[in-house]
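Encoded as structure tokens, the structure appears first; notes follow it.
In the numbering used here, the protein residues as written are 221 to 446.
See below:
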């Protein structure tokens with residue numbers, strides 16, 4: 221069965237099945253999105269606490285009664301009401317109601333640091349997510365540099381990888397390409413571009429692997445499994 225991946229803006233995505241809306245990093249803060257751009261959510265995943273990824277007012281507005289929010293442990297107390305599950309890298313859960321599986325992966329900076337030397341995203345601050353829905357595996361890397369733990373993804377058989385590529389706070393175009401070439405998803409979609417041109421990413425990845433690169437503009441969709 222086909223699912224739709226909709227690129228909302230920045231690092232915000234909607235994974236849409238025939239009967240469910242699964243959001244990753246929905247936010248109206250610094251993304252240009254408005255609350256009206258979001259449909260009711262059946263599940264919400266949050267990679268970390270920065271407001272362009274974590275918008276607690278929006279979460280409160282769009283989540284349905286009983287819809288779980290999955291986030292790193294440092295966010296659990298900030299999300300009021302409803303079902304909230306915290307996940308650390310390496311942890312896994314499977315929803316019995318909709319058979320969606322979620323794994324948390326490492327996501328952190330090794331090169332992108334503040335003037336005092338502290339990483340913008342220290343290890344343990346946030347996560348990436350691997351989501352399996354209707355047999356399709358989607359990896360959202362979160363805000364991260366190219367890190368050694370990505371090598372483990374070679375054994376996962378990823379269908380779609382959503383990779384930050386904008387530099388400043390995350391991998392740049394070349395590093396994101398290195399990541400894609402490391403674990404070779406069937407499809408790679410660049411995100412969190414911060415004005416970077418994704419064509420260089422596309423050229424490098426497609427020249428050196430069988431991975432297809434799909435460049436989505438805000439609001440555009442990619443259908444997987446059709």
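Even glycine gets a Cβ: it sits at the ideal position worked out from N, Cα and C.
All values derive from a computational prediction rather than experimental measurement.
Around the Cβ of residue 357, are there at least 16 other Cβ atoms within 10 angstroms (buried) or fewer (exposed)?
Residue mapping note: residue 357 aligns to position 137 of the chain shown, counting from 1. It is buried - the Cβ of residue 357 has at least 16 other Cβ atoms within 10 Å.
Compute the Euclidean distance between the alpha carbons of residue 272 and residue 265, then round it to the nearest angstrom.
Reading the chain shown from its first residue, position 52 is the one you call residue 272. Reading the chain shown from its first residue, position 45 is the one you call residue 265. C-alpha separation (whole angstroms): 13 Å.
Could you check if residue 365 is buried or exposed, using at least 16 other CB atoms within 10 Å of its CB as the buried criterion?
Here residue 365 refers to the residue found at position 145 when the chain shown is read from its first residue. Classification of residue 365: buried, given that the 10 Å Cβ count is 16 or more.
Under the three-state reduction of DSSP, which class applies to residue 438: helix, strand or coil?
Within the chain shown, numbered from 1, the residue matching residue 438 stands at position 218. Correct three-state label for residue 438: coil.
Does the region 276-289 come close enough to the region 319-330 to have 3 or more Cβ pairs within less than 8 Å?
no
Give the secondary structure of residue 420 by DSSP, where H, G and I count as helix, E and B as strand, and everything else as coil.
Here residue 420 is taken as the residue at index 200 of the chain shown, counted from 1. The answer is helix: DSSP assigns residue 420 an H, G or I state.
Own chain residues within Cβ distance below 7 Å of residue 298, not counting five before or after:
Mapped onto the chain shown, residue 298 falls at position 78. 276.
According to DSSP, is residue 189 helix, strand or coil?
Past the edges of the chain, shown from 221 to 446, lies residue 189, and the structure says nothing about it.
Within 10 angstroms of the Cβ of residue 346, are there 16 or more other Cβ atoms? Answer buried if so, exposed if not.
Along the chain shown, read from residue 1 onward, the residue named residue 346 stands at position 126. It is buried - the Cβ of residue 346 has at least 16 other Cβ atoms within 10 Å.
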